[in-house]
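For reference, the structure discussed in these notes is given below.
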Amino acid sequence: MATAIGQELVALLPRLRRFALVLCRSQPLADDLVQGACERALAKANSWTPGTRFDAWMFRILRNHWIDHLRRMKAEGMMEDVESQTHLIGDPGEEPIMNRLALAEVQRAIDSLPQEQREVLALVCGEDLTYREAAEVLNIPVGTIMSRLARARKRLVEVTAAA
1 MATAIGQELV ALLPRLRRFA LVLCRSQPLA DDLVQGACER ALAKANSWTP
51 GTRFDAWMFR ILRNHWIDHL RRMKAEGMME DVESQTHLIG DPGEEPIMNR
101 LALAEVQRAI DSLPQEQREV LALVCGEDLT YREAAEVLNI PVGTIMSRLA
151 RARKRLVEVT AAA
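Numbering (UniProt numbering), first residue to last: 1 to 163.
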């Protein structure tokens with residue numbers, strides 16, 4: 001069973017890292033969170049039910065690991081900003097610069113959302129989980145998922161339209 005889970009984990013690593021970045025906004029910390037979540041999953045391989053969505057199970061483990069990390073680090077203060085770690089590679093012309101500015105605008109709009117809305121947005125829009133699967137990952141009702149997602153989308157339209 002652990003071998004099958006190991007293969008699933010390897011395929012899921014890019015998506016786990018993307019979700020970890022949404023949660024913590026730090027590339028080094030996101031890598032640590034993914035590694036810790038993978039370790040937890042391998043240690044608890046028998047708790048995954050074959051036939052269910054493996055990715056949803058892993059997103060839940062990752063999010064719980066993040067919450068545990070926040071509890072441990074509560075007294076330490078600010079974390080590193082993901083924007084300070086990104087590097088644009090490519091043509092130094094106008095198009096990459098404009099794209100980077102547009103991306104930064106969207107990132108600021110997403111960052112301005114409450115954590116609960118960012119999580120739902122990442123799981124449903126970024127990771128293509130169903131509302132029910134996202135509700136299971138976050139341990140909240142489906143209606144709450146729908147409400148948070150609607151508020152997040154509305155806020156993103158407002159913020160990006162005003163800019």
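Just so you know, even glycine gets a beta-carbon here, dropped at the ideal spot from N, CA and C. The structure displayed is predicted, hence computed values, not measured ones.
DSSP-derived helix/strand/coil call for residue i
{"i": "residue 44", "result": "coil"}
{"i": "residue 128", "result": "coil"}
{"i": "residue 12", "result": "helix"}
{"i": "residue 25", "result": "coil"}
{"i": "residue 88", "result": "In this prediction, residue 88 scores a pLDDT of 44, lower than 50, which makes its location untrustworthy; the coordinate-derived value is nonetheless stated afterwards. If DSSP states are grouped into helix, strand and coil, residue 88 belongs with coil."}
{"i": "residue 36", "result": "helix"}
{"i": "residue 6", "result": "helix"}
Delimiting residues of the alpha helix (DSSP H) encompassing residue i
{"i": "residue 96", "result": "94-111"}
{"i": "residue 159", "result": "142-162"}
{"i": "residue 139", "result": "Segment: none, residue 139 is in no alpha helix (DSSP H) and carries neither H nor E."}
{"i": "residue 63", "result": "54-73"}
{"i": "residue 123", "result": "Per DSSP, residue 123 belongs to no alpha helix (DSSP H) and is neither H nor E."}
CB of residue i within 9 Å of CB of residue j, strictly
{"i": "residue 145", "j": "residue 124", "result": "yes"}
{"i": "residue 55", "j": "residue 12", "result": "yes"}
{"i": "residue 106", "j": "residue 156", "result": "yes"}
{"i": "residue 103", "j": "residue 59", "result": "no"}
{"i": "residue 135", "j": "residue 142", "result": "yes"}
{"i": "residue 23", "j": "residue 71", "result": "no"}
{"i": "residue 69", "j": "residue 16", "result": "no"}
{"i": "residue 113", "j": "residue 66", "result": "no"}
{"i": "residue 18", "j": "residue 150", "result": "no"}
{"i": "residue 40", "j": "residue 133", "result": "no"}
Neighbourhood of residue i by C-beta distance below 8 Å, restricted to the same chain and skipping five residues each side
{"i": "residue 42", "result": "2, 5, 6, 9"}
{"i": "residue 126", "result": "18, 19, 22"}
{"i": "residue 137", "result": "56, 59, 60, 63, 123, 129"}
{"i": "residue 117", "result": "148, 149, 151, 152, 155"}
Same chain, Cβ closer than 7 Å to residue i, neighbours up to 5 away in sequence not counted
{"i": "residue 88", "result": "With a pLDDT of only 44 at residue 88, under 50, the local geometry of the prediction cannot be trusted, and the value read off the model is given with reservation. Excluding sequence neighbours, residue 88 sits near 96, 100."}
{"i": "residue 162", "result": "none"}
{"i": "residue 37", "result": "16, 58, 61, 62, 65"}
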